[in-house]
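Please read the structure below before turning to the comments.
Chains as they are written, first to last, in my numbering: chain G, -5 to 244; chain H, 4 to 615.
Structure follows, in structure tokens:
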């Protein structure tokens, strides 16, 4: 169970990206986070693994306060939270297999990373994850030689290497075409349904939300404006989330 | 919109003023740089200029064995009262001879010098030899003779104003080349020195690159911005540095003495070097498991730390043994390898370098380790202890840490300026530091994280910029005094300059990497070191390589002039020849520099294409 309590983030420039946001995510749920660009979706997801330090509020995960964790505890917490990104965030010049293995860094003794050594089991595991997302044959290519859809699958394989209990997905399909979008989303769905991983995924397209999400939270200018089931987003709610002038697409 | 608006009066005035201003600036520039074409037109200048250009155009690289035909012609100036002393030369001979008409002349007169029976197509000087000694090497005049296919020549020359009652001489020396061309001594010297130059640049670049890489991470804003620690941790790790260095230095010196006492024969050397590393590896593997899923117990942690410490000490012992072995082997090899003796020399020097550097490395390592352990301790205590306890801790530790830094600075000043008053260099700084520390400890909230990274970044940047502004030539002067005239001083000077300038260039590359991968690697739970290795390093490899190449290129060029101040390399030779007005030799050296620099340029561009 992940509990967000009164989470507020004010950036150095005074921008209030999150404003007193609270909601709960039960284990195994597929939660979609929607809202306009700049509504605070990315900030919310990054506060959960503290890539961004929240200004106020708490994030409790199974009762443990993530916001109060020390650096060492954070290492232990982060390795159980996988993350995929809109721009994939692969290390371009490294090989695909190295990018995937990087998912194990939270488990490995840093001294061994100095000489770029991974245990044999991890390498086998990495191949398995690449097979799972269907690009095992690309393992020894450079990451930037892959297409966008393939890169995002490497990103998912990297997150899977962490044996995550939570998966954060920050607009994972926003840089991809609709066909690829469904392929990536179905990987996430597979992870959610078969591995029981809680997924928090920010999305732009409502049809993807309807198709994949169990529950939806919507943000507007940092405030939580909707929390409920996808089918409950009617035209009125839609206008509330996206503003009066918004038109539905897709 | 009116696009084809006519230029207004104001615009015209502006353009006019601007043109006038430009002219003024240029006019003043002429005055300042002393443009003087009158000088260029003077005959004396032109003559010298032509002479130097011709000398430069003929670098002294090849020479032939030469045979000379020398003829001295007795000549009177002014004409003697007794004309019978004027000998008519024997013209029925096959030997070379010259005839001067008139046979005697007033000083300043023009005479005709004709030569016969010389070797055809040879050239050489025609000179007036003052004094009555035909072997005198001091000669006057500037005429040159060139024989035709019959071996004859005619030259007119002016008799210099050296009147004498005694006989003087007019000398003709005609030289011709025989045999195949061969390299001159200058060419040999130039070759030796250019090789020295290239290696000087290579060593300086390697040394500089190795040290610049870690520095560049500290000097990168984007990496350091996120480094924040609570005050307790900062104070403790500041105290840890000198303490650790002291302990480390003492420990390593003890190990060194131990090693010197034991390792006096080659078998012990070999045994230590072969067996101990295995033991160390075994110990480290046990103490640092690759994957750690559960937090180890306290006693386990202590056992591990003990093993790691022991391994470190053993490691340094191996270093000392290695040094001793290398020096011994090197000595033997240098004597027995003949022309490959330089390998032995290298081995010996490497051993010496290891022996000299090991205590410093050990001290640094111990300092860093103790500092990071104490820092972590500080971090944990500020996370766990109650607020009043932290506050008290800060009130004690912060003044101590800052006072210590100030005292160290004071001691450096004492060393530099010899104040000899402990009030200024010991007690004063200590009091000020303690006061500042107290102030800081009172002002800071106990759990607040301070941006220590930015402070380190700023200090590093400042030092780098200050050092970078010192020209390598100036550094060379200092090093020449420290280690003596020669290429070693040049290597150190160029190396130091390479460190500071590469660290800056590198750090700017680190600052311009993509933030995305960094974020992604952090999200996996990687710590700072792992993030640098897996997210930063892969991104900066290409620019680092290309900057290193560029720097090598610069170092080759710099090393050609570092010799001007005694830093070794070809510069020494070049400067010497310029000062001796030996332009043909200087030209050979300039040619060598040009060839090496353009070769370097070519090689580095090829390598860059291959690697990047």
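We put the beta carbon where it would ideally sit given N, CA and C, even for glycine.
Quick caveat, the model's predicted, so the values are computed rather than measured.
Helix, strand or coil at residue 566/H according to DSSP, with G and I counted as helix: Correct three-state label for residue 566/H: helix.
Same chain, Cβ closer than 8 Å to residue 316/H, neighbours up to 5 away in sequence not counted: In chain order, 254 and 258 place their CB closer than 8 Å to the CB of residue 316/H, counting only its own chain and leaving out the 5 sequence neighbours on each side.
Segment contact, 8 Å Cβ cut-off, at least three pairs: the segment 70 to 86 of chain G with the segment 114 to 122 of chain G: The segment 70 to 86 of chain G, when compared against the segment 114 to 122 of chain G, does not touch it at the 8 Å Cβ threshold.
Chain H contact residues for residue 51/G, given Cβ-Cβ distances below 9 Å: Simply none; closest approach about 17 Å.
The segment 500 to 518 of chain H contacting the segment 465 to 479 of chain H, beta-carbon criterion three pairs below 8 Å: The segment 500 to 518 of chain H, when compared against the segment 465 to 479 of chain H, does touch it at the 8 Å Cβ threshold.
Below-8 Å beta-carbon distance, residue 141/G vs any chain H residue: It does not; no Cβ of chain H falls within 8 Å.
8 Å Cβ cutoff, residue -5/G in contact with chain H: No, residue -5/G does not count as interfacial toward chain H.
Contacts of residue 272/H in chain G (Cβ-Cβ under 9 Å): Residues of chain G whose Cβ lies closer than 9 Å to the Cβ of residue 272/H do not exist, since the nearest Cβ in that chain is about 27 Å away.
6 Å CB neighbourhood of residue 22/H in its chain, flanking five on each side removed: Here the set comprises nothing.
For residue 43/H and residue 688/H, the rounded distance between their alpha carbons: The structure shown does not extend to residue 688/H, since chain H spans only 4 to 615, so no value can be given for it.
Through-space distance from residue 197/H to residue 595/H, alpha-carbon basis: Separation of residue 595/H and residue 197/H (C-alpha to C-alpha, rounded to the nearest whole angstrom) is 7 Å.
Residue-level contact to chain H via CB, residue 181/G, 8 Å cutoff: Answer no: the Cβ-Cβ gap between residue 181/G and chain H never drops below 8 Å.
Interface flag, residue 151/G vs chain H, CB-CB below 8 Å: So, not an interface residue.
Chain H contact for residue 134/G (CB, 8 Å cutoff): Residue 134/G is outside the set of residues whose beta carbon lies under 8 Å from a beta carbon in chain H.
Buried or exposed (CB count within 10 angstroms, at least 16 for buried), residue 419/H: Burial call: exposed.
For residue 262/H and residue 250/H, the rounded distance between their alpha carbons: Computed Cα separation, rounded: 18 Å.
Supposed contact pair residue 74/H and residue 175/H - C-beta distance, whole angstroms, cut 8 Å: A Cβ-Cβ separation of about 5 Å places residue 175/H in contact with residue 74/H under the 8 Å criterion.
Minimum C-alpha distance to residue 552/H - residue among 104/H, 209/H and 219/H: Checked all of 104/H, 209/H and 219/H; the closest Cα to residue 552/H is 209/H.
Residue 473/H to residue 462/H span [Cα, whole Å]: One C-alpha to the other measures close to 17 Å.
Buried/exposed call for residue 205/G, threshold 16 Cβ in 10 Å: Exposed, by the Cβ-count rule.
Per-residue contacts from residue 226/H into chain G (C-beta, under 9 Å): Chain G residues near residue 226/H: none, gap ~15 Å exceeds 9 Å.
Residue from 95/H, 70/H and 54/H whose Cα sits closest to the Cα of residue 122/H: Checking every option, the nearest Cα to that of residue 122/H belongs to 70/H.
Chain G contacts from the segment 510 to 536 of chain H (Cβ-Cβ distance under 7 Å): Within the segment 510 to 536 of chain H, the residues whose Cβ lies closer than 7 Å to some Cβ of chain G are 519, 520, 522, 523, 524, 525, 526, 527, 528, 529, 530, 532, 533 and 536, listed in chain order.
Entirely enclosed alpha helix (DSSP H) segments - the segment 257 to 331 of chain H, minimum 4 residues: DSSP runs (the alpha helix (DSSP H)) wholly in the segment 257 to 331 of chain H: 269 to 290.
Enclosing alpha helix (DSSP H) for residue 430/H [first to last residue]: No alpha helix (DSSP H) contains residue 430/H, which DSSP labels as neither H nor E.
Secondary structure of residue 52/G, DSSP reduced to three states: Assignment of residue 52/G by DSSP, reduced to helix, strand and coil, places it in the strand class.
Any 3 or more C-beta pairs closer than 8 Å across the segment 145 to 163 of chain G and the segment 519 to 529 of chain H: The way I'd put it, the segment 145 to 163 of chain G does touch the segment 519 to 529 of chain H; three or more beta-carbon pairs between them come closer than 8 Å.
C-alpha gap between residue 431/H and residue 398/H, whole angstroms: For residue 431/H and residue 398/H, the distance between alpha carbons rounds to 20 Å.
Through-space distance from residue 439/H to residue 11/G, alpha-carbon basis: Going from the Cα of residue 11/G to the Cα of residue 439/H covers about 37 Å.
As assigned by DSSP and simplified to three states, the class of residue 100/H: In this structure, residue 100/H counts as strand in the three-state DSSP scheme.
Residue 165/G in three-state terms, based on DSSP: Of the three classes helix, strand and coil, the one that applies to residue 165/G here is coil, per DSSP.
Alpha carbon of residue 278/G to alpha carbon of residue 369/H, nearest angstrom: It is not possible to answer for residue 278/G, since the shown part of chain G is limited to -5 through 244.
Best match in 327/H, 328/H, 326/H and 351/H for proximity to residue 337/H [C-alpha to C-alpha]: The closest CA to that of residue 337/H, considering only 327/H, 328/H, 326/H and 351/H, is found on 351/H.
Under 7 Å from the C-beta of residue 45/G: neighbouring residues of chain H: Neighbours of residue 45/G in chain H, taken as residues whose beta carbon is under 7 Å from its own, are 522, 525 and 526 in chain order.
Any C-beta of chain G under 8 Å from that of residue 538/H: Taking Cβ atoms only, chain G reaches closer than 8 Å to residue 538/H, which makes this a yes.
Assigned secondary structure, residue 43/G (DSSP; H/G/I helix, E/B strand, else coil): In this structure, residue 43/G counts as coil in the three-state DSSP scheme.
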